[in-house]
Amino acid sequence: MTYVTRFAPSPTGPLHIGHAYSALTAFRRARAEGGSFLLRIEDIDRARSRDEYERQIFEDLHWLGLDWPQPVMRQSDRMPAYRAALDRLIDMGLCYPCNCTRGDIRAALSAPQEGTPIEGPDGIIYPGTCRGRSMADAGPTDAIRLDMTRATAHLDALPAFRETGPLFGGVHPLVANDLTVQIGDVILARKDMGTSYHLSVVVDDAEQGVTEVVRGADLFSATWIHVLLQALLGLPILQYYHHGLVRDDTGKRLAKRDDARSIRAYRDDGLSPDQVIEMAGLPVTPSAT
Ligand code: GLU
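Below, the structure is given as structure tokens:
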């Protein structure tokens, strides 16, 4: 099978060094495998996405020496595909509507018998307050959640995925108890979006024929959700490569919300693409990877 990977940024802020690392790693893996590298714009969060950031993503990646086939998939064009996938999961009886606010969730978890709330990939694990609700009474202000216990029980056998990265390399079978305890009933469709990161990524990776997803180690447990959704939706189970995260001088992970310095800022300071590649901690010549 021809190797296909992708880089899938959200145009909600400028790309930083961590993005450069991820995009270059994916691009170089595609080159080394004689496969393709795709770019996808993850702009389902219409309130935070900006055309200006999208333009800057193209510019920064070209400046770093990357190229990709056209047209670029844009998630805001793909809502009917996400709706169809959501409807399938609803028809399988695996979803329920939920109108809990963050405050409701915190309040439910502050009961003394609840112990310390566990953090999953989407924040605090949902305590299941709305789990008894039926999809028949879903209203416009409801999010749609996946009932994780039902979802894991729905499959005859839980899938396993292959990981080829430096940190988690090997075959990882999904474990029902890990999914219910460490992930919980994730949101598949946010009320303001009609979809979610998890659902749209799975639908799009399948549509684009991606064979290996290259991304940061912070998304490792989100990968369990994606592999589960692939199995539930009858899509191919993908291979994953999770890379380490770029840290600043103090060892703190670089993230957009911490005002990490953007690639654009380094360009404006007169750094060369090779200097930025080196700062990301990658060899300048791809053959050395
Ligand atoms: N849009 C996601 C991000 O920017 C993509 C993560 C992924 O590769 O699935 O974090």
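Quick note: the sequence shown, position 269, residue 257 per the numbering used here, numbers continuous. The beta-carbon is built from N, C-alpha and C at its ideal position, and this holds for glycine as well.
C-alpha gap between residue i and residue j, whole angstroms
i: Thr(-10); j: Ile78; result: 33 Å
i: Thr140; j: Ala72; result: 21 Å
i: Met123; j: Pro85; result: 6 Å
i: Phe(-5); j: Ser24; result: 11 Å
i: Glu21; j: Gly172; result: 36 Å
i: Gly53; j: Val159; result: 33 Å
i: Ala253; j: Asp75; result: 43 Å
i: Ile265; j: Arg28; result: 21 Å
i: Ile112; j: Ile32; result: 22 Å
i: Val201; j: Asp257; result: 32 Å
i: Met136; j: Arg19; result: 37 Å
i: Asp92; j: Gly116; result: 11 Å
i: Val190; j: Gln196; result: 10 Å
i: Leu82; j: Ala164; result: 15 Å
i: His50; j: Gly103; result: 49 Å
i: Gly6; j: Val198; result: 22 Å
i: Val169; j: Ala205; result: 20 Å
i: Ala11; j: Arg66; result: 23 Å
Residue i Cβ short of 6 Å to the ligand GLU heavy atom set
i: Met200; result: Sequence inspection shows Glu at residue 200; the Met mentioned does not correspond to that position. No; taking the cut-off as 6 Å, the Cβ of Glu200 has no heavy atom of the ligand GLU nearer than that.
i: Ala126; result: no
i: Ala(-4); result: yes
i: Glu30; result: yes
i: Val189; result: yes
i: Arg203; result: yes
For residue j and residue i, believed in contact at Cβ under 8 Å, the rounded distance
i: Ser37; j: Thr(-7); result: At roughly 23 Å, the Cβ-Cβ gap does not stay under 8 Å, so Ser37 and Thr(-7) are not in contact.
i: Leu226; j: Gln218; result: 7 Å
i: Val234; j: Tyr9; result: 5 Å
i: Trp212; j: Leu155; result: About 15 Å separates the two Cβ atoms, so there is no contact after all.
Segment limits, beta strand (DSSP E) that includes residue i
i: Gln263; result: Premise fails: Gln263 lies in the alpha helix (DSSP H), 261 to 267, not in any beta strand (DSSP E).
i: Pro161; result: 158 to 161
i: Glu283; result: Outside the shown range of the chain, which is -11 to 277, sits residue 283, and nothing can be said about it.
i: Glu200; result: 200 to 204
i: Arg138; result: Arg138 -> not in any beta strand (DSSP E); alpha helix (DSSP H) instead, spanning 136 to 142.
Element boundaries [alpha helix (DSSP H), containing residue i]
i: Ser44; result: Checking the sequence shown, residue 44 turns out to be Gln, not Ser. Here the alpha helix (DSSP H) through Gln44 covers 39 to 51.
i: His231; result: From DSSP, His231 is part of no alpha helix (DSSP H) but of the beta strand (DSSP E) over 227 to 231.
i: Val215; result: 208 to 220
i: Arg76; result: 67 to 79
i: Val254; result: The question names Val, but residue 254 in the sequence shown is Tyr. It spans 251 to 256 - the alpha helix (DSSP H) in which Tyr254 sits, taken as one unbroken run.
i: Leu12; result: 5 to 20
| task | Report yes or no: do the segment 81 to 95 and the segment 119 to 134 share at least 3 C-beta pairs separated by less than 8 Å? | result | Judged by pairs of C-beta atoms under 8 Å, the segment 81 to 95 touches the segment 119 to 134, as three or more such pairs exist.
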